[in-house]
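In structure tokens:
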């Protein structure tokens, strides 16, 4: 049978990325508490395509994903990129996996367990410049407005927010450690299950620890600056304001020398 993808293309235009996008696929990732965790990822897989060829072989992306789905970790992400590059005769390979990750969190007073969901993304690239692996985690937080507390005789407005923290690193890092770093940099953590005593503790703790979005990103940046394992980071904080019809936003990106 004719291999149409390998036919010559006369337009002589290189393609930077070509492949498959938004594949919903079951995967297994490393879990510090339980060893492994099964989840479902949205996967993007791309390679470059030289101007000589009409198309890439899309089925090979799915074959590679199927071979590695039993365990996708930060360690073997590099191996998958190597395999993509080899099997598709490419000069560069790129992969993104976005998936929900669940952690059992216990309420601060009653110790009642509940599952918290965190959206995570592993991004890997391989080209002539080398390898690049980025981990990004979206972490829900609570913030209480310092200005509102200062000017009000009773109470202050608070809201749920989200921090998106992306990092490059030299040694393996647990998703749980990234989440903990963020949660301890806000007015309060977010919990899936709170009884009355827990709710009292959370609201009072947030009141005693007011923060703007500016405070949140700065606190996270300070911690990351001290971590020698981190070589680059970007941190974005968004407050879903409870008394405004807009969000508050702050962002820091830094490459450490």
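Numbering (this note's numbering), first residue to last: 106 to 362.
Even for Gly, the Cβ is constructed at its ideal location relative to N, Cα and C.
(request) Output the distance between the C-alpha atoms of residue 306 and residue 234, rounded to the nearest integer angstrom. (result) 50 Å
(message) I'd like the span of the beta strand (DSSP E) that includes residue 273, first residue to last.
(response) 263-274
(request) Determine the direct distance from the alpha carbon of residue 185 to that of residue 155, and round the result to whole angstroms. (result) 21 Å
(request) Give the range of the beta strand (DSSP E) segment to which residue 220 is assigned. (result) 218-232
(request) Could you tell me which residues DSSP pairs with residue 155 in its beta bridges? (result) DSSP lists no partner for residue 155.
(request) Counting only the same chain and skipping the five closest in sequence on each side, list residues whose C-beta sits under 6 Å from that of residue 221. (result) 208, 210 and 297
(request) Have a look at 285, 250 and 357 and flag the residue whose alpha-carbon is nearest the alpha-carbon of residue 344. (result) 250
(request) Might you give, ordered along the chain, the residues of its own chain that have their beta carbon closer than 6 Å to the beta carbon of residue 178, omitting 5 neighbours on each side? (result) 135
(request) Kindly list the residues whose CB is nearer than 8 Å to the CB of residue 123, restricted to its own chain and excluding five residues on each side of it in sequence; keep chain order. (result) 151, 152, 153, 154, 160 and 161
(request) Out of 171, 299 and 360, point me to the one whose CA is closest to residue 219's CA. (result) 299
(request) Closer than 7 Å by C-beta to residue 67: which residues in its own chain qualify, once you throw out the five before and the five after it? Chain order, please. (result) The first residue shown for the chain is 106 and the last is 362, placing residue 67 beyond what the model contains.
(request) Have a look at residue 119 and residue 191 and give me their C-alpha separation to the nearest angstrom. (result) 18 Å
(request) Name the two residues that bound the continuous alpha helix (DSSP H) containing residue 323. (result) 318-331
(request) Return the Cβ separation of residue 335 and residue 290 in integer angstroms, given the expectation that the two are a contact with Cβ distance under 8 Å. (result) The pair is not a contact, with the Cβ atoms about 14 Å apart (cut-off 8 Å).
(message) Which residue wins for smallest C-alpha separation from residue 253, given the options 246, 247, 263 and 245?
(response) 263
(message) Helix, strand or coil for residue 251? Go by DSSP, reduced to three states.
(response) helix
(message) With distance defined between alpha-carbon atoms, name the residue in 224, 201 and 237 nearest to residue 244.
(response) 224
(message) Give me the residue from 260, 214, 308 and 197 with the minimum Cα distance to residue 247.
(response) 308
(request) Pull up the distance between the alpha-carbon of residue 197 and that of residue 238, whole angstroms please. (result) 14 Å
(message) Quick check: what's the CA-CA separation for residue 265 versus residue 164?
(response) 42 Å
(request) Determine the direct distance from the alpha carbon of residue 287 to that of residue 145, and round the result to whole angstroms. (result) 24 Å
(message) Would you call the segment 271-282 in contact with the segment 309-319, where contact means no fewer than 3 C-beta pairs closer than 8 Å?
(response) no
(message) Do residue 272 and residue 321 count as a contact pair if the criterion is CB distance below 9 Å?
(response) no
(message) To the nearest angstrom, how far is the alpha carbon of residue 232 from that of residue 195?
(response) 9 Å
(message) Quick check: what's the CA-CA separation for residue 132 versus residue 256?
(response) 50 Å
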